[in-house]
Every structure is written in C-alpha cells, then in structure tokens.
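Per numbering that gives the first Met the number 0, residue 0 is the first one in the sequence shown, and the count goes up by one each step. Glycine is no exception: its CB is placed at the ideal position from the N, C-alpha and C atoms. Keep in mind the model is a prediction, meaning the values are calculated, not measured. Data block below; observations after.
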Amino acid sequence: MRHDKILHFAAGAVICLIFSFLFRFCIPGISTWVGLIAAFAFGMGKEIWDIKHGTPEFLDFMATASGGFIVFLILKLVAGM
C-alpha cells in the first residue's frame, strides 16, 4: 500500500474515533454512525477539493472511508457503542 493511502486510512480512522467520542454523550445511540458519516464526508470533501487543487483519486476516498469503517466496527462490536 502506498504511503498516501496509509495516511488516508489513518485520517479516516482518527476522524471516526474523534467524532464518535465527541457525540457519545449528546447522542449515545448513534454517535458511532456520526463518526462513520464524518469520515466519509471528510474523504469525499478532500477529493472534491482535489479536483481543482490536486489529483482526485477514488482510491484515496476508499482508503479514508475504510479507516472510518474499521473504527466504526471496532467501536460497535468491541466497545458496544
């Protein structure tokens, strides 16, 4: 895996984790979903921004979304959030 994809994966994971814990007490039942949606949104936003300022790649979005999804699964299955 290229270095860029690893960074996208890590960013998605961190974004999901941060948003899940930020919203844990406000909306406890769906905070992990908020984290997952945030990771997807940040990944999509980054690639949209890259249309004019860089090189948009669908696999970059997929790497970001995958990082968020893995953290989502861990929080749902292991932490019971």
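Exposed is the label assigned to residue 9, since fewer than 16 other Cβ atoms lie within 10 Å of its Cβ. Beyond the five residues adjoining it in sequence on each side, residue 46 comes within less than 8 Å, by CB distance, of 55, 56, 57, 59, 60 in the same chain, given in chain order. Just so you know, the alpha carbons of residue 19 and residue 52 end up roughly 30 Å apart.
Rounded to whole angstroms, residue 7 and residue 31 show a C-alpha spacing of 19 Å. Looking at the backbone, the Cα of residue 3 and that of residue 62 are separated by about 9 Å.
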